[in-house]
Amino acid sequence: KPRPPEIKKPIANELIAIKVQAWWRGILVRRTLLHAALRTSIIQRWWKLTLAKLLEKRRRAALVYHALQEWAVVKLQSWVRMWRIHLRYCRLLHAVRIIQVYWRCHSCHTRGFFRGSYELTASQLGLELEIFLGSQICRITDCIPFPIKN
């Protein structure tokens, strides 16, 4: 029967070589892990910066949208106020014309006459009328304010 080959016990130099190789493999593994950790850190920092930029962009877009809505509301309110004031002015002007027609007609019938003036400002209408009917004089002075909101 053949004998199994004898297993040689490693020599001291071989043991030292095995230890050096294990140490070197450990260094390589740690270096690889360090490089992977650094790359991961770089990628995470880049991603956080990208997310921060995206959030800032969204925040700025929301701010611009809100500012545009505010501007539109203010503009619309000013148009409505202007339209209402214009309607009131037109009604007052129409009333003045009707009064003038009646007074002119009345002065023709009574042989009297009237004289007047008006002053139109941005906030009110000032009227001064003098009515002469024979020996009687009637003076009317009035200021009609316009409803303007500041």
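Going by the UniProt record's numbering, the sequence shown opens with residue 1, and the numbers climb by one from there.
Every residue, glycine too, gets a C-beta built ideally from N, C-alpha and C.
Task: Cβ-Cβ distance between I85 and F146 below 7 Å - done: yes
TODO: Please go through the region 87 to 125 and give each complete beta strand (DSSP E) segment of 3 or more residues, from N-terminal end onward.
DONE: 113 to 120
TODO: Please work out which residues of its chain come closer than 6 Å, Cβ to Cβ, to I140, disregarding the five sequence neighbours upstream and downstream, and give them in chain order.
DONE: L129
Task: I144: first and last residue of the uninterrupted beta strand (DSSP E) it sits in - done: 136 to 145
Open item on the list: Suppose you measure from the CA of E119 to the CA of L93; what does that come to, to the nearest Å?
Closed with: 12 Å
TODO: Would you kindly work out how many angstroms separate the C-alpha atoms of M82 and V101, rounded to a whole number?
DONE: 28 Å
TODO: Return yes when the Cβ of I137 is within less than 7 Å of the Cβ of F114, no when it is not.
DONE: no
- [ ] Compute the Euclidean distance between the alpha carbons of K48 and E14, then round it to the nearest angstrom.
- [x] 51 Å
Open item on the list: Suppose you measure from the CA of V80 to the CA of L87; what does that come to, to the nearest Å?
Closed with: 11 Å
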